[in-house]
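Asks:
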DNA sequence: GTTTTTGTTGATTGACGAGTCAATAAACTT
DNA sequence: AAGTTTATTGACTCGTCAATCAACAAAAAC
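Protein chains in written order, with my numbering: chain A, 1 to 194; chain B, 195 to 388.
#1: Given a limit of 7 Å on CB to CB distance, which residues of the segment 310-321 of chain B reach chain A?
#2: Quick check: the Cα distance between residue 307 (chain B) and residue 283 (chain B), rounded to an integer number of angstroms?
#3: Once DSSP output is grouped into helix, strand and coil, what is the label at residue 98 (chain A)?
#4: State the CB to CB distance for the pair residue 106 (chain A) and residue 23 (chain A), rounded to an integer number of angstroms; the pair is presumed to be in contact (CB under 8 Å).
#5: Would you please verify whether the beta carbon of residue 351 (chain B) is less than 8 Å from any beta carbon of chain A?
#6: At the level of alpha carbons, what is the spacing between residue 215 (chain A) and residue 111 (chain A)?
#7: If you measure between the beta carbons of residue 132 (chain A) and residue 151 (chain A), is that distance less than 8 Å?
#8: In chain order, which continuous runs of the alpha helix (DSSP H) of length 4 or greater are located wholly inside the segment 44-117 of chain A?
#9: Would you mind giving the Cβ-Cβ distance between residue 174 (chain A) and residue 96 (chain A), rounded to the nearest angstrom? I have them listed as a contact below 8 Å.
#10: Secondary structure at residue 31 (chain A), three-state DSSP: helix, strand or coil?
#11: Could you check the C-alpha separation between residue 41 (chain A) and residue 180 (chain A) for me, to the nearest Å?
#12: In angstroms with no decimal places, state the Cα-to-Cα distance between residue 71 (chain A) and residue 241 (chain B).
#13: Have a look at A:130, A:120 and A:168 and flag the residue whose alpha-carbon is nearest the alpha-carbon of residue 73 (chain A).
#14: Interface residues of chain A around residue 221 (chain B) at Cβ under 7 Å?
#15: Between residue 85 (chain A) and the rest of its own chain, which residues show a CB-CB distance below 7 Å, the 5 nearest in sequence each way excluded?
#16: Are the CB atoms of residue 211 (chain B) and residue 232 (chain B) within a distance shorter than 8 Å?
#17: When you compare the CB positions of residue 256 (chain B) and residue 302 (chain B), do they come within less than 8 Å of one another, or not?
#18: I want to verify the contact list: residues of chain B whose CB lies under 7 Å from the CB of residue 152 (chain A), in sequence order.
#19: Please report whether the beta-carbon of residue 379 (chain B) lies at a distance below 8 Å from any beta-carbon of chain A.
#20: Measure the C-alpha to C-alpha separation of residue 319 (chain B) and residue 313 (chain B) and round it to an integer number of angstroms.
#21: Determine the DSSP secondary structure at residue 367 (chain B), reduced to helix, strand or coil.
#22: Where does residue 35 (chain A) land, buried or exposed, given buried means 16+ other C-beta within 10 angstroms?
#23: Within 8 Å (strictly less), CB to CB, does residue 270 (chain B) reach chain A?
#24: Could you tell me whether the Cβ of residue 132 (chain A) comes closer than 8 Å to any Cβ of chain B?
#25: Which of the three DSSP states, helix, strand or coil, is assigned to residue 190 (chain A)?
#26: With a cut-off of 8 Å, does the C-beta of residue 255 (chain B) fall near any C-beta of chain A?
#27: Out of B:315, B:334, B:205 and B:372, point me to the one whose CA is closest to residue 277 (chain B)'s CA.
#28: Taking 8 Å as the cut-off, decide whether the C-beta atoms of residue 209 (chain B) and residue 215 (chain B) are in contact.
#29: Between residue 335 (chain B) and chain A, is any beta-carbon pair separated by less than 8 Å?
#30: Locate the alpha helix (DSSP H) running through residue 360 (chain B), then write down its first and last residues.
#31: I need the DSSP call for residue 334 (chain B), collapsed to helix, strand or coil.
#32: Which bits of chain A does residue 355 (chain B) rub up against, with CB to CB less than 7 Å?
#33: Label residue 51 (chain A) either buried or exposed according to how many other C-beta atoms from any shown protein chain fall within 10 Å of its C-beta, with 16 as the threshold for buried.
#34: Could one say the Cβ of residue 96 (chain A) lies closer than 8 Å to chain B's Cβ atoms, at least one of them?
#35: Just to confirm the assignment, what range does the alpha helix (DSSP H) spanning residue 200 (chain B) have?
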């Protein structure tokens, strides 16, 4: 009963399942069978569509990064003025979508993956580059010659807050994370009301 | 030719080798044989002394945490006044010892380990708790009722900077990391010269 | 209506790795 | 000197898992 045009559907299901399983397991030690099972197919089919486990991981990572990018772009679209745009980026970074347990767990493991797999490192570099230039662009004019340092700090702070959320026991608390980041920002901008 | 009293020596060698190998591989996917080989013994002996790979990992993690704790304590011992003490903590966090490639790589993987292994989570919680209370204690009086938020931010910032160092391509750059953290601090304390 | 393309899986292969065991040897004890 | 404890390893077991294969099914193309 092979319905045609299954490929994109299956691939999407596998990507989603990969993220879920990595988040669940809290590590990259997930078997292809586990992923395939969660996606409702045989492990052979998973290999058929992706070729290898690593490709599945990378596809999952791309997906997470894409979602994040979309969220940021969406938030930026409705924000006017540099300060509002900065706030928008922060809020998007800790939005409900990116801040689910599984997603945070997946991120953590993608960081680890980036240590070994060049393509993962590349993807992560793109994300960091975009974030950095977004921050920097909006900070220039607001923070003067301190813009570069503030951007670096903000970027690191976001990652740090993200990391801590992923590790803590209770449910993720986006509100307090975003509060800390916003506080950092407003504190840094004090005295620079252009 | 069994010399007696080998146990502590071999355990220490294994712990060191574990950190090195995890750092090298950039993941927890390290075989006991690899570790044992680097430590100059058979894998059987490694199992003899530690019982399991997980125990080795935990011992390595304890060691890293111990070193970090010692470094902080040492730096605090010669610092007078809350502000100097805060700076001391920051400098210790990014000290040469804690900031070698392998160590940072190991940290990253310990974070991952903490997602799965309760004992690892416990150890990490102890580290975070100590750091937090150290920061908070010295921030009270300097930052007034903002102390709690600043402490949270500083803690996350440290982790974030650490994380980014671990991921970046070139050699770790402690100086710029500590500069960002110090900048955050001084910015937060502005206007609060008690 | 036969051939090709697409979807699908159970079974199998082949490698690798954690942990165990039996054996050997040197030191300490009594 | 006999017995015990500590050190040490090569060989082996047992499980797991990524990846492949052979085979079957249905739709599409010719």
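For each residue, glycine too, the CB sits at the ideal point set by N, CA and C.
Computed from a predicted model, the values in this text were never measured in an experiment.
Replies: For this structure:
#1: 310 and 318
#2: For the purposes of this step, residue 307 (chain B) is taken as residue 113 along the second chain, with counting starting at 1. For the purposes of this step, residue 283 (chain B) is taken as residue 89 along the second chain, with counting starting at 1. Approximately 25 Å between the Cα atoms of the pair.
#3: Taking the first residue of the first chain as 1, we reach residue 98 (chain A) at position 98. In the structure shown, residue 98 (chain A) sits in coil (DSSP, three-state: anything other than H, G, I, E or B).
#4: Here residue 106 (chain A) corresponds to residue number 106 of the first chain, with the count starting at 1. Here residue 23 (chain A) corresponds to residue number 23 of the first chain, with the count starting at 1. Contact holds; Cβ gap of about 5 Å.
#5: Here the question's residue 351 (chain B) lines up with position 157 in the second chain. Residue 351 (chain B) counts as touching chain A.
#6: In the structure as shown, chain A starts at 1 and stops at 194, and residue 215 (chain A) therefore has no counterpart that could be examined.
#7: Position 132 of the first chain, counting from 1, holds the residue named residue 132 (chain A). Position 151 of the first chain, counting from 1, holds the residue named residue 151 (chain A). Yes. Within cutoff.
#8: 53-77, 82-93 and 101-116
#9: Here residue 174 (chain A) is taken as the residue at index 174 of the first chain, counted from 1. Here residue 96 (chain A) is taken as the residue at index 96 of the first chain, counted from 1. The pair is a contact, with the Cβ atoms about 7 Å apart (cut-off 8 Å).
#10: Position 31 of the first chain, counting from 1, holds the residue named residue 31 (chain A). In the structure shown, residue 31 (chain A) sits in coil (DSSP, three-state: anything other than H, G, I, E or B).
#11: Your numbering for residue 41 (chain A) matches position 41 in the first chain. Your numbering for residue 180 (chain A) matches position 180 in the first chain. Distance between the alpha carbons of residue 41 (chain A) and residue 180 (chain A) is about 43 Å.
#12: For this step, residue 71 (chain A) is matched to residue 71 along the first chain. For this step, residue 241 (chain B) is matched to residue 47 along the second chain. If I take the Cα positions, the gap works out to 48 Å.
#13: Position 73 of the first chain, counting from 1, holds the residue named residue 73 (chain A). Closest by alpha carbon: A:130.
#14: Working through the second chain from its first residue, we reach residue 221 (chain B) at position 27. Those within 7 Å of residue 221 (chain B) in chain A are 112, 115 and 116.
#15: Against the first chain, residue 85 (chain A) aligns to sequence position 85. For residue 85 (chain A), where only same-chain residues beyond five positions count, the Cβ hits under 7 Å are 76, 79 and 138.
#16: As a working mapping, residue 232 (chain B) is identified with position 38 in the second chain. As a working mapping, residue 211 (chain B) is identified with position 17 in the second chain. Cβ atoms of residue 232 (chain B) and residue 211 (chain B): closer than 8 Å.
#17: Translated into positions along the second chain, residue 256 (chain B) becomes position 62. Translated into positions along the second chain, residue 302 (chain B) becomes position 108. Cβ atoms of residue 256 (chain B) and residue 302 (chain B): not closer than 8 Å.
#18: Locating residue 152 (chain A) in the first chain gives position 152, where the first residue counts as 1. The answer, in chain order, is 374.
#19: Working through the second chain from its first residue, we reach residue 379 (chain B) at position 185. With 8 Å as the cut-off, residue 379 (chain B) does not count as an interface residue toward chain A.
#20: As a first step, residue 319 (chain B) is located in the second chain; it is residue number 125 there, counting from the start. As a first step, residue 313 (chain B) is located in the second chain; it is residue number 119 there, counting from the start. If you take the alpha carbons of residue 319 (chain B) and residue 313 (chain B), they lie about 10 Å apart.
#21: Here residue 367 (chain B) is taken as the residue at index 173 of the second chain, counted from 1. It is coil, neither helix nor strand.
#22: Locating residue 35 (chain A) in the first chain gives position 35, where the first residue counts as 1. Answer is buried; the Cβ neighbour count reaches 16.
#23: In the second chain, counting from the first residue as 1, residue 270 (chain B) sits at position 76. By this cut-off, residue 270 (chain B) is not an interface position.
#24: Within the first chain, numbered from 1, the residue matching residue 132 (chain A) stands at position 132. Chain B, which has no Cβ nearer than 8 Å to the Cβ of residue 132 (chain A), makes this no.
#25: Position 190 of the first chain, counting from 1, holds the residue named residue 190 (chain A). Reduced to three states, the DSSP call for residue 190 (chain A) is coil.
#26: For the purposes of this step, residue 255 (chain B) is taken as the residue at position 61 of the second chain. By this cut-off, residue 255 (chain B) is not an interface position.
#27: Counted from its first residue, the second chain places residue 277 (chain B) at position 83. Looking at the Cα atoms, B:334 is the closest of the given residues.
#28: Translated into the one-based positions of the second chain, residue 209 (chain B) becomes position 15. Translated into the one-based positions of the second chain, residue 215 (chain B) becomes position 21. In this structure, residue 215 (chain B) does not lie closer than 8 Å to residue 209 (chain B) by Cβ.
#29: Translated into the one-based positions of the second chain, residue 335 (chain B) becomes position 141. No, because no Cβ of chain A sits closer than 8 Å to the Cβ of residue 335 (chain B).
#30: In the second chain, the residue the question calls residue 360 (chain B) occupies position 166. First-last of the alpha helix (DSSP H) with residue 360 (chain B): 341-361.
#31: Along the second chain, one-based indexing puts residue 334 (chain B) at 140. Of the three classes helix, strand and coil, the one that applies to residue 334 (chain B) here is coil, per DSSP.
#32: As a working mapping, residue 355 (chain B) is identified with position 161 in the second chain. Result: 156.
#33: Taking the first chain and counting its residues from 1, the one referred to as residue 51 (chain A) is at position 51. Exposed, by the Cβ-count rule.
#34: Along the first chain, one-based indexing puts residue 96 (chain A) at 96. Taking Cβ atoms only, chain B never reaches closer than 8 Å to residue 96 (chain A), which makes this a no.
#35: For the purposes of this step, residue 200 (chain B) is taken as the residue at position 6 of the second chain. That run of the alpha helix (DSSP H) goes 200-219.
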